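These notes concern the structure reproduced below.
Protein chains: 2
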Amino acid sequence: MRATLMYGAGDVRVEEVPDPILREPTDALVRVLASGICEGELPPYRFMPAADQGTRVGHEFIGVVTDIGTDVSRLRVGDLVVAPFAWGDDCEICRDGLPASCGRWGLWGQGGTDGGQGEAVRVPYAQGNLARLPVAVDSALLPSVLTLSDVLSTGHHCAVQARVGPHTSVAVIGDDAIGLLAVLTAKRRGAEQILVIGRNPERAGLARDFGATEVFIEPDVFDEPAGTADGELAGVERVRAATGGRGPHAVLETFGSLRTLETAFAMVRDGGVISRTASRYEMPIGRSMLLRNITLTGGAAPARAYADQLLPDILDGTIEPGRVFDHTISLTDVPDGYRAMATGEALKVFIRP
Amino acid sequence: MRATLMYGAGDVRVEEVPDPILREPTDALVRVLASGICEGELPPYRFMPAADQGTRVGHEFIGVVTDIGTDVSRLRVGDLVVAPFAWGDDCEICRDGLPASCGRWGLWGQGGTDGGQGEAVRVPYAQGNLARLPVAVDSALLPSVLTLSDVLSTGHHCAVQARVGPHTSVAVIGDDAIGLLAVLTAKRRGAEQILVIGRNPERAGLARDFGATEVFIEPDVFDEPAGTADGELAGVERVRAATGGRGPHAVLETFGSLRTLETAFAMVRDGGVISRTASRYEMPIGRSMLLRNITLTGGAAPARAYADQLLPDILDGTIEPGRVFDHTISLTDVPDGYRAMATGEALKVFIRP
Chain B
1 MRATLMYGAG
11 DVRVEEVPDP
21 ILREPTDALV
31 RVLASGICEG
41 ELPPYRFMPA
51 ADQGTRVGHE
61 FIGVVTDIGT
71 DVSRLRVGDL
81 VVAPFAWGDD
91 CEICRDGLPA
101 SCGRWGLWGQ
111 GGTDGGQGEA
121 VRVPYAQGNL
131 ARLPVAVDSA
141 LLPSVLTLSD
151 VLSTGHHCAV
161 QARVGPHTSV
171 AVIGDDAIGL
181 LAVLTAKRRG
191 AEQILVIGRN
201 PERAGLARDF
211 GATEVFIEPD
221 VFDEPAGTAD
231 GELAGVERVR
241 AATGGRGPHA
251 VLETFGSLRT
261 LETAFAMVRD
271 GGVISRTASR
281 YEMPIGRSML
291 LRNITLTGGA
301 APARAYADQL
311 LPDILDGTIE
321 PGRVFDHTIS
331 LTDVPDGYRA
341 MATGEALKVF
351 IRP
Chain V
1 MRATLMYGAG
11 DVRVEEVPDP
21 ILREPTDALV
31 RVLASGICEG
41 ELPPYRFMPA
51 ADQGTRVGHE
61 FIGVVTDIGT
71 DVSRLRVGDL
81 VVAPFAWGDD
91 CEICRDGLPA
101 SCGRWGLWGQ
111 GGTDGGQGEA
121 VRVPYAQGNL
131 ARLPVAVDSA
141 LLPSVLTLSD
151 VLSTGHHCAV
161 QARVGPHTSV
171 AVIGDDAIGL
181 LAVLTAKRRG
191 AEQILVIGRN
201 PERAGLARDF
211 GATEVFIEPD
221 VFDEPAGTAD
231 GELAGVERVR
241 AATGGRGPHA
251 VLETFGSLRT
261 LETAFAMVRD
271 GGVISRTASR
281 YEMPIGRSML
291 LRNITLTGGA
301 APARAYADQL
311 LPDILDGTIE
321 PGRVFDHTIS
331 LTDVPDGYRA
341 MATGEALKVF
351 IRP
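First to last, the protein sequences are chains B and V.
The first sequence begins at 1 in this note's numbering and counts up one residue at a time.
The second sequence begins at 1 in this note's numbering and counts up one residue at a time.
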């Protein structure tokens, strides 16, 4: 079959690889119907050292079950399924919603699995990982259900951990897919005010459609390499002013740089919550966080559990998270898809193998 | 009048100072009935550089109102009152329970106020700061109501921020007064399991009386100067084992060193909460906190608001937080009181001026 491999920064190739086979009685094989390129794959696309051996990539996919191991009883051949962005098993820790704390937690393409950006995937612990989707293979909902793999679940978890609810004022840092879907889930949870700090004016319309009450375009916030900003942090005053001076109750920090985290601390209301989806750097925490009664939270999302919770709203059209996909390509064009996301030309790429 | 001043490490003196007078219409004057020495005063007692000018100290006191300004309508001369460990005013931010976020927040002895370890105190914004106590000047409850100033409120806030409730397993790091009262408040909130990591075997009995289910004496955890421990962190395996291997849902970190915070991260259950009452150092946070879905919280307690909430349980004998006071001295002996707390000879010192 064909699959995508990354060999280094800017070097993505689609190559022939062995077809997956069932290895364990808990495995399933999935023919990929669609996969996505995630903003989380851009740091390796930018910085990965060149290697002779390619790494299988892609951690968002939906597909059709083509074979199951003898211990798989809750799935059938022909089921349309979505996979979480990383696999676990079906243990107490997984069921508690802590995927990355499972001793078996693994990334797609590692541990003898396949990456999602290919034609097929061997899925370990299949019934702990795959969620069945009651949609047809040609459904218009495929882009939306694909977001259950990662970006919708991750945005949702960020809002859940921040305890976003009615009467909450929220600032979302980042206008990539996770940031935009954090807006959508904050709105879904009833947030009163949703301020977006983004870097791409072309995404402001979608942010508003998803529920943003104001969009502030502040590219400086996202400058790389990140570091302690000199003087005022961009965007902070605008967000503070929009919240009556005190700052938002919750900051959903979806970018993960040192500067965006500093910006989150600078803008959050005293007594408020910063919830993170990503962290590429370490940051010192100390006394001011304590005096200000700030809570810092966030984490790896239990995508498998959230798939069941969020699916009804997708099926009945209440939410349309698939709108984050603005480019559709074939597997052959995946290298170009990475380039388009890295330049910001594409918000998010949908791959039909 | 006489009051306590600190001139440097180990140098505490009781001296004659001017009697306080009303300066603002929102002031009240309070004759101090009793004050405490707080574990939070020990770091300056250990490390303060020598100075020619003394600093007025003491931030826990109860007393009787002896005079009020013309704008004070909710207090009367003769009221027995407790003050919070730092003063604010009566603004929206104070009422939201964020004392250290108030623009007027000040420490006793600063900003023209008096320290609590003296005979009298000028209290600014008196009706925002002072809580009336329906007890007599000779009540046996005075030690317990004095804990509302700081140590009980701070322990309670730590448990509240950690969302301790029924079915919660809790580890408390520290067996000073705040740690012991964090035990008491965790118990009061219904915690199922309360593990104490302490350094003083003589305090284990009181910890158990307050609700601890197990006490682990691990002096290494509290070693100063703090720093990254080599190898295993003391106490972590015992706490993990006592919680079925996964660690407690909440760690109440009441000591505030780098090592105790590292210990908290090492022992807390994935998906759990670390709540802090103190922080003397900065610590880098990064990726593992995120993958493990750990929440970090805590902060300056709204002692004024908690006084009203916790008082009924003191009045009816449900809780006896005053048991943390194991030494009673006169004002003259305050220098000796500091010494006794610094050596660990005294758990907590009660001062009758």
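Even for Gly, the Cβ is constructed at its ideal location relative to N, Cα and C.
It should be emphasised that the depicted structure is a prediction, and the values quoted were computed from it without experimental measurement.
How about residue i and residue j: do their beta carbons lie closer than 8 Å?
| i | j | result |
| --- | --- | --- |
| V/Phe216 | V/Leu184 | no |
| B/Ser279 | B/Thr297 | no |
| B/Trp105 | B/Gly88 | yes |
| B/Val151 | B/Ile178 | yes |
| V/Val32 | V/Pro353 | yes |
| B/Ile319 | B/Leu252 | no |
| B/Ala303 | V/Asn293 | no |
| B/Pro25 | B/Gly78 | no |
| B/Thr328 | B/Phe350 | yes |
| V/Gly247 | V/Gly211 | no |
| V/His377 | V/Leu311 | Chain V is shown from 1 up to 353; residue 377 of chain V falls before or after that span and cannot be answered. |
| B/Val81 | B/Leu133 | yes |
| V/Arg188 | V/Gly165 | no |
For residue i, count neighbouring Cβ atoms within 10 angstroms of its own Cβ and tell me buried if that reaches 16, exposed if not.
| i | result |
| --- | --- |
| V/His249 | buried |
| V/Ala131 | buried |
| B/Glu202 | exposed |
| V/Tyr186 | Before going further, note that residue 186 of chain V is Ala rather than Tyr in the sequence given. Burial call: buried. |
| V/Thr343 | exposed |
| B/Gly227 | Because B/Gly227 sits at a pLDDT of 48, beneath the cut-off of 50, its placement in the model cannot be relied upon, and the following sentence gives the value as read from the coordinates. B/Gly227 should be labelled exposed. |
| B/Glu41 | buried |
| B/Gly198 | buried |
| V/Phe47 | exposed |
| B/Pro219 | exposed |
| V/Ile93 | buried |
| B/Ser169 | buried |
| V/Gln53 | exposed |
| V/Val30 | buried |
| V/Val137 | exposed |
| B/Asp176 | buried |
| B/His59 | buried |
What's the gap between the Cα of residue i and the Cα of residue j?
| i | j | result |
| --- | --- | --- |
| B/Asp316 | B/Ala9 | 41 Å |
| B/Pro335 | B/Gly118 | 13 Å |
| V/Tyr7 | V/Ala100 | 25 Å |
| B/Gly286 | V/Ala234 | 23 Å |
| B/Ser35 | B/Trp108 | 12 Å |
| V/Thr243 | B/Thr277 | 28 Å |
| B/Ala50 | B/Val221 | 29 Å |
| V/Glu232 | V/Arg259 | 11 Å |
| B/Ala204 | V/Gly256 | 43 Å |
| B/Arg163 | B/Ala182 | 12 Å |
| B/Cys38 | B/Ser139 | 22 Å |
| V/Ala120 | V/Val14 | 13 Å |
| V/Val65 | V/Pro84 | 15 Å |
| V/Asp67 | B/Thr295 | 40 Å |
| B/Ala354 | B/Leu142 | Outside the shown range of chain B, which is 1 to 353, sits residue 354 of chain B, and nothing can be said about it. |
| V/Pro284 | V/Leu261 | 11 Å |
| B/Thr74 | B/Asp96 | Residue identity differs from the one stated: residue 74 of chain B is Arg in this sequence, not Thr. Between B/Arg74 and B/Asp96, the C-alpha separation is close to 20 Å. |
| B/Ser288 | B/Thr254 | 22 Å |
| V/Gln161 | B/Ala159 | 18 Å |
Hey, quick one: how far does the beta strand (DSSP E) through residue i stretch, first residue to last?
| i | result |
| --- | --- |
| B/Arg13 | 11 to 16 |
| B/Thr66 | 61 to 68 |
| V/Val215 | 214 to 217 |
| B/Gly179 | Unbroken run through B/Gly179 is the alpha helix (DSSP H), 177 to 188; no beta strand (DSSP E). |
| V/Ala120 | 120 to 123 |
| B/Ser330 | 327 to 330 |
| V/Ile285 | 283 to 285 |
| B/Val324 | No beta strand (DSSP E) holds B/Val324; DSSP gives it neither H nor E. |
Excluding sequence positions up to five away, which residues of its chain have a Cβ less than 7 Å from the Cβ of residue i?
| i | result |
| --- | --- |
| V/Val236 | Thr263, Ala266, Met267 |
| B/Thr55 | Leu5, Met6, Gly109 |
| V/Glu16 | Arg2 |
| V/Thr147 | Leu181, Pro321, Gly322, Val324 |
| B/Glu345 | none |
Kindly list the residues whose CB is nearer than 6 Å to the CB of residue i, restricted to its own chain and excluding five residues on each side of it in sequence; keep chain order.
| i | result |
| --- | --- |
| B/Asp19 | Met1 |
| B/Asp71 | Pro25, Thr26 |
For residue i, which residues from the same chain have a beta carbon less than 8 Å from its beta carbon, with the 5 sequence-adjacent residues on both sides left out?
| i | result |
| --- | --- |
| B/Arg240 | Arg246, Gly247, Met267 |
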